[in-house]
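Residue numbers for the sequence shown follow the numbering used here, beginning at 20 and rising by one. Notes for the one structure printed next.
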Amino acid sequence: FGGGGFFEVKDGLTDDLNLGVKKDSAAKPAPQAQQPAPRVERPASPAAEKVEPITVTPREGETPAEAWNRRFAEAEQDLNSAAVRETARRLMHKQQFDELIGMLQSAIRHGQAQTWMYEAMSLAMQAAGAPQEELERALMSAVDFSEDLGTVMFVAAYMGRVGLEERALSLFRDVAVAVPHRHEPYLHGLTLAQRAGDQDAIQWACLGIVNRAWPKEERAVLDKALRAAEALLIEMRRDGLTETADEFEQALRAAQARDVRIVVTWTGDADLDLLVEEPSGAVCSLRNQRTVGGGVLLGDTYAGGQGAGIDGYREVYECSQGFDGVYRLLLRRIWGKPTAGQATIDIYTHYGTQQETRIHKQIPIGEKDALILFDLAGGRRVEPLDQAQVEQLARAQFEVNREILARQLAQTEDSRASRSLAADRDRRVRAGALPGGPRRGVGFRPVITTLPEGTNFMATAVISADRRYVRVESFPLFSLIGDVTTFNFATGNTGGGN
Numbered sequence: 020f021g022g023g024g025f026f027e028v029k030d031g032l033t034d035d036l037n038l039g040v041k042k043d044s045a046a047k048p049a050p051q052a053q054q055p056a057p058r059v060e061r062p063a064s065p066a067a068e069k070v071e072p073i074t075v076t077p078r079e080g081e082t083p084a085e086a087w088n089r090r091f092a093e094a095e096q097d098l099n100s101a102a103v104r105e106t107a108r109r110l111m112h113k114q115q116f117d118e119l120i121g122m123l124q125s126a127i128r129h130g131q132a133q134t135w136m137y138e139a140m141s142l143a144m145q146a147a148g149a150p151q152e153e154l155e156r157a158l159m160s161a162v163d164f165s166e167d168l169g170t171v172m173f174v175a176a177y178m179g180r181v182g183l184e185e186r187a188l189s190l191f192r193d194v195a196v197a198v199p200h201r202h203e204p205y206l207h208g209l210t211l212a213q214r215a216g217d218q219d220a221i222q223w224a225c226l227g228i229v230n231r232a233w234p235k236e237e238r239a240v241l242d243k244a245l246r247a248a249e250a251l252l253i254e255m256r257r258d259g260l261t262e263t264a265d266e267f268e269q270a271l272r273a274a275q276a277r278d279v280r281i282v283v284t285w286t287g288d289a290d291l292d293l294l295v296e297e298p299s300g301a302v303c304s305l306r307n308q309r310t311v312g313g314g315v316l317l318g319d320t321y322a323g324g325q326g327a328g329i330d331g332y333r334e335v336y337e338c339s340q341g342f343d344g345v346y347r348l349l350l351r352r353i354w355g356k357p358t359a360g361q362a363t364i365d366i367y368t369h370y371g372t373q374q375e376t377r378i379h380k381q382i383p384i385g386e387k388d389a390l391i392l393f394d395l396a397g398g399r400r401v402e403p404l405d406q407a408q409v410e411q412l413a414r415a416q417f418e419v420n421r422e423i424l425a426r427q428l429a430q431t432e433d434s435r436a437s438r439s440l441a442a443d444r445d446r447r448v449r450a451g452a453l454p455g456g457p458r459r460g461v462g463f464r465p466v467i468t469t470l471p472e473g474t475n476f477m478a479t480a481v482i483s484a485d486r487r488y489v490r491v492e493s494f495p496l497f498s499l500i501g502d503v504t505t506f507n508f509a510t511g512n513t514g515g516g517n
């Protein structure tokens, strides 16, 4: 037994463990011997059939590549895709890389291309020591075959690892033009540009990173870009490229401008949360710190946490390039009470530019949330707003689908599959194949605790040895019980109240 809560019930005792009147054991029907169910023979599934690899015997004076080309050309009908995969797997295990390359090229040439073939071909070429031009051509074919930008970035990152930095940087730049709000191309591009020593690419990557806001957990990314930019400026001026360095430094200062910047500060023993709804419909909060509209919640500090500044605690929201429209701010009190029951909010538009404007307000914070609205005119986000709204709806639908899937998986806890898994685990534990003891039932032992409410006072007195002085230590306690969730350990029902 432990100190309260859960305890273990041995096997055989769970039937007698109940919270009502004990049942009469004589009233239980005697168990009947169960007859084994007749075994039904079912035909084997076609998916369970063993897949045989394709074999090719080269003719006299014929290379493996020519033999595979003949084999695919002579096929009266398309070869089984599963057989092609099995053939590639066998050739890779046997380290017959040249023959694998010839087989994959022949399959692609005769219209039997599959998505995995280009990556497999690049791996085989790299293992066989093929020229970089052939490897680049195979990977670019994978880019042409890709259906989304995520696959393109994956191939570009792989190119960077195999020594094709120039082509990888070109792909990352293309992705950055296609989706300007994505930050991944600049992250990978900076590493590749520094490795290749490409000053133009370093400028592009540093400007792309500095032009975006980064939350507190990703501050190291921005620091790395600023250090790389500073080192590049020193190198340019050392090489006599003073004019180019001045232009890059001016571009860096312009990249640090923000269309919207919101700073909420407060003092006292309290925690406030900031939520910002953008014109695209995206909501930036602690649960969604980066939105498709470009907004980023840089992080928060709260009473009892770390990082409190001289001016108190704060939350900061930034949008580097925002859409024109109405922004809605929701300031929510999580717990405690700020000093004087107020928080200070500063709203900047076109922050860091000559057109900068500032709204400074003292917002009362009470039991109800505070809602603030303001307009942004002249935002630098140039793509149509409806595209961002569609993307936000797609992301919201994706989150809903994930939640539905999680609920469906939770419903399978008492399914036949889960019971079979639990029984198999018990057998393996008893056999010694898995550590631990057999699975057992679970019981509950409630622990009753008294919670004081209101104003309480405790005092401790210490008398000196000569009985002339008395030292008193007082402990006032002001407590209030808030929301209470009740739990019926007999039925498992829960309820709530104040």
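Even glycine gets a Cβ: it sits at the ideal position worked out from N, Cα and C. Here the structure is a predicted model, which means the values were calculated and not measured.
Neighbour-count burial assignment, residue i, 16 or more Cβ in a 10 Å radius
i, result
"residue 40", "Any reading at residue 40 must be qualified, since the residue scores a pLDDT of 44, below 50, and its modelled position is unreliable; the value itself is stated next. Looking at its Cβ environment, which holds fewer than 16 other Cβ atoms inside 10 Å, residue 40 is exposed."
"residue 71", "exposed"
"residue 310", "buried"
"residue 477", "exposed"
"residue 216", "exposed"
"residue 285", "buried"
"residue 90", "buried"
"residue 482", "exposed"
"residue 135", "exposed"
"residue 368", "buried"
"residue 283", "buried"
"residue 354", "exposed"
"residue 281", "buried"
"residue 50", "Low confidence applies here, because residue 50 scores a pLDDT of 46, under 50, leaving its location unreliable; read the following figure in that light. Counting Cβ neighbours within 10 Å, residue 50 comes out exposed, since fewer than 16 surround it."
"residue 352", "buried"
Where the beta strand (DSSP E) containing residue i begins and where it ends
i, result
"residue 369", "361-370"
"residue 334", "332-338"
"residue 244", "Counting along the chain, residue 244 falls outside any beta strand (DSSP E), though it belongs to the alpha helix (DSSP H) covering 238-257."
"residue 475", "473-482"
"residue 347", "344-355"
"residue 378", "376-383"
Terminal residues of the alpha helix (DSSP H) in which residue i lies
i, result
"residue 263", "261-274"
"residue 204", "203-215"
"residue 117", "116-128"
"residue 285", "Run containing residue 285: none in the alpha helix (DSSP H); it sits in the beta strand (DSSP E), 277-285."
"residue 192", "184-197"
"residue 156", "151-164"
Integer Cβ distance of residue i from residue j, believed to fall under 8 Å
i, j, result
"residue 229", "residue 245", "7 Å"
"residue 157", "residue 207", "Between residue 207 and residue 157 the Cβ distance is about 20 Å, and since that is not below 8 Å, they are no contact."
"residue 384", "residue 350", "7 Å"
"residue 187", "residue 227", "Rounded, the Cβ-Cβ distance is 15 Å, inconsistent with contact."
"residue 234", "residue 316", "6 Å"
"residue 84", "residue 130", "Not a contact, Cβ separation roughly 17 Å."
"residue 380", "residue 364", "5 Å"
Same chain, Cβ closer than 7 Å to residue i, neighbours up to 5 away in sequence not counted
i, result
"residue 151", "182, 183"
"residue 561", "Nothing about residue 561 can be read from this structure; the chain reaches only from 20 to 517."
"residue 153", "144"
"residue 127", "136"
6 Å CB neighbourhood of residue i in its chain, flanking five on each side removed
i, result
"residue 105", "70, 72"
"residue 479", "492"
"residue 224", "205, 208, 209, 212"
Same chain, Cβ closer than 8 Å to residue i, neighbours up to 5 away in sequence not counted
i, result
"residue 269", "none"
"residue 496", "471, 474, 475, 476, 477"
"residue 190", "162, 171, 172, 174, 175, 178"
"residue 81", "89"
"residue 62", "Caution applies to residue 62, whose pLDDT of 49 falls short of 50 and renders its modelled position unreliable; the model cannot decide the point."
Check: residue i C-beta below 7 Å from any heavy atom of the ligand NAP
i, result
"residue 220", "The ligand NAP is not among the ligands present in this structure, which contains no ligands whatsoever."
*the segment 366-383 touching the segment 289-302, judged by at least three CB pairs closer than 8 Å*: no
*Does the segment 151-161 come close enough to the segment 132-142 that 3 or more CB-CB pairs lie under 8 Å?*
yes
_If contact is defined by three or more beta carbon pairs under 8 Å, each pair taking one atom from either stretch, is the segment 237-244 in contact with the segment 191-199?_
no
*Could you say if the segment 249-263 and the segment 272-291 meet the contact criterion of at least three C-beta pairs nearer than 8 Å?*
no
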